[in-house]
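Visitor:
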Amino acid sequence: MTAQPPADASGLAVRLPAPLVTLLRRRDSNVFFLLFVLVAAIVFFTIQSPYFFDDRNAFNIGRAVSITGIAAAFATLLMISGGLDLSIGAIMNASGLAAAVIMVDPENSIILAFTIALGISAFIGFSNGIIVTKIGVNPIIATIGMQFVVRGMTLATRSGSALVRDRTFLELGQGELAIGTLEIPAPVILMLTTMLLCYLVLRFTQFGKYIYAIGDNASACRRAGINVAGMRIALYTLSGLGAGFAGIVLAGLTGAGIPYAAGSELSVISAVILGGVSLSGGVGVVQGTLLGVLLVGVLKNGMTLLNINANWQMVVEGSVLMIAVSLDQLKQRI
């Protein structure tokens with residue numbers, strides 16, 4: 007027996023088995039798909055490389071994806087509400103560089119560095135929210151414009167990197183927490199903590215329920231008395247804070263704040279979309295984003311161990327992303 011959805015815009019109909027239709031209609035259907043692909047990828051790379059399945063490599067993967075994961079957790083909240091922030095990478099650079107520059111002077115405290123860096127990040131996110139919600143600029147155009155503004159100001163302020171020497175700052179990115187015989191990298195713990203926090207917000211708070219409602223039908227939310235503009239401004243601000251915190255951790259991990267590094271925002275958004283957050287809003291879960299981040303990390307690490315050319319790695323990563331987006335579009339048809 008098959009379920010027959012309406013024909014799409016081209017007049018073609020998609021015919022799918024009824025059990026598959028039921029699965030695709032679940033909010034967390036992408037989680038099942040990603041979990042299957044992630045396990046399959048782990049099994050494949052374990053068979054192909056003797057160096058893949060060990061504690062050290064697992065922590066290397068975790069450390070590599072943790073920065074993306076921290077920013078992606080907050081970006082998930084924004085994108086579920088129907089928003090989009092393409093200035094995430096620029097915010098990460100600006101925040102990390104600001105904190106590093108402040109810590110160049112040994113007299114300055116780490117609290118001062120974090121406060122100023124996160125304050126800058128929150129202000130940029132807040133500005134994005136105002137431009138999108140109050141002025142009505144398309145989120146893509148608004149945040150791309152902000153990306154250029156922030157990167158230009160960052161490069162104009164300092165063209166070179168700022169080395170971090172403060173031990174406490176470096177521990178944020180390079181430290182480890184001993185749990186039994188395991189030494190878990192600090193960035194991994196920070197990523198998991200951030201993911202858990204965002205999960206709890208979405209799952210158990212009224213704020214989280216409003217996020218889903220606004221993404222599903224913003225007009226109905228306005229009629230119901232929900233402050234949609236205020237919510238979206240708050241979510242853009244949180245997205246900026248998340249990107250800023252990720253930038254600080256990145257500076258601690260690399261030992262330097264750098265003014266420019268392209269592609270960070272695409273890695274974050276790709277992980278969120280892979281995790282099942284719909285581009286139209288209203289759908290998605292944080293655990294899906296976590297799996298999306300891990301899948302990208304496993305694929306990159308495994309292909310590197312197999313000495314696969316970097317260009318072909320991009321082909322594989324892009325193909326996985328397109329499959330995820332296609333599943334999202336397929337779910338919207340049924």
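Sequential numbering of the sequence shown, starting at 7, is according to our numbering.
The beta-carbon is built from N, C-alpha and C at its ideal position, and this holds for glycine as well.
By the three-class DSSP mapping on this structure, what secondary structure does G263 have?
Guide: strand
Visitor: Confirm, please, whether the CB-CB distance from N99 to T160 is below 8 angstroms.
Guide: yes
Visitor: Going by DSSP, what residue range makes up the alpha helix (DSSP H) through L296?
Guide: Counting along the chain, L296 sits inside the alpha helix (DSSP H) bounded by residues V292 to L311.
Visitor: By Cβ distance below 7 angstroms, which residues in the same chain neighbour A277 in space, the five residues on each side in sequence not counted?
Guide: T74, A78, T295, G298, V299 and V302
Visitor: Please report the distance separating the alpha-carbon of I239 from that of F50.
Guide: 43 angstroms
Visitor: Assign I48 to one of three DSSP states: helix, strand, or coil.
Guide: helix
Visitor: I'd like to confirm the pairing. Which residues does DSSP put opposite E182 in its beta bridges?
Guide: P191
Visitor: Report buried or exposed for V274, applying the criterion of at least 16 other Cβ atoms within 10 angstroms of its Cβ.
Guide: So V274 ends up on the buried side.
Visitor: On the DSSP bridge assignment, give the partners of L169 in chain order.
Guide: A262
Visitor: Hey, which unbroken runs of the alpha helix (DSSP H) at 4 residues or more fall wholly within the segment 32 to 117?
Guide: Entirely contained in the segment 32 to 117, the alpha helix (DSSP H) runs reaching 4 residues are, in chain order, 35 to 54, 61 to 86 and 94 to 110.
Visitor: What does the alpha-carbon distance come out to for the pair A105 and G258?
Guide: Going from the Cα of A105 to the Cα of G258 covers about 10 angstroms.
Visitor: So what's L285 in DSSP terms, helix, strand or just coil?
Guide: In the structure shown, L285 sits in coil (DSSP, three-state: anything other than H, G, I, E or B).
Visitor: Please classify G231: does DSSP put it in a helix, a strand, or coil?
Guide: coil
Visitor: Would you mind reading off the limits of the alpha helix (DSSP H) that contains I217?
Guide: For I217, the enclosing alpha helix (DSSP H) starts and ends at Q212 to D222.
Visitor: Would you give the residue range spanned by the alpha helix (DSSP H) that G158 belongs to?
Guide: Judged by DSSP secondary structure, G158 falls within the alpha helix (DSSP H) whose first and last residues are P145 to T163.
Visitor: Is Q4 buried or exposed, if buried means 16 or more other CB atoms sit within 10 Å of its CB?
Guide: Absent from the structure is residue 4, since the part of the chain shown begins at 7 and ends at 340.
Visitor: What's the C-alpha gap between E113 and A119?
Guide: 11 angstroms
Visitor: In whole angstroms, what is the alpha-carbon distance linking Q335 and F39?
Guide: 15 angstroms
Visitor: Under 8 angstroms, do A192 and L178 count as touching if we go by C-beta distance?
Guide: Yes, Cβ-Cβ distance for A192 and L178 is below 8 angstroms.
Visitor: Consult DSSP for G142 and reduce its assignment to one of helix, strand or coil.
Guide: It is coil, neither helix nor strand.
Visitor: Would you tell me roughly how many angstroms separate the C-alpha atoms of Y218 and D111, rounded to the nearest one?
Guide: 44 angstroms
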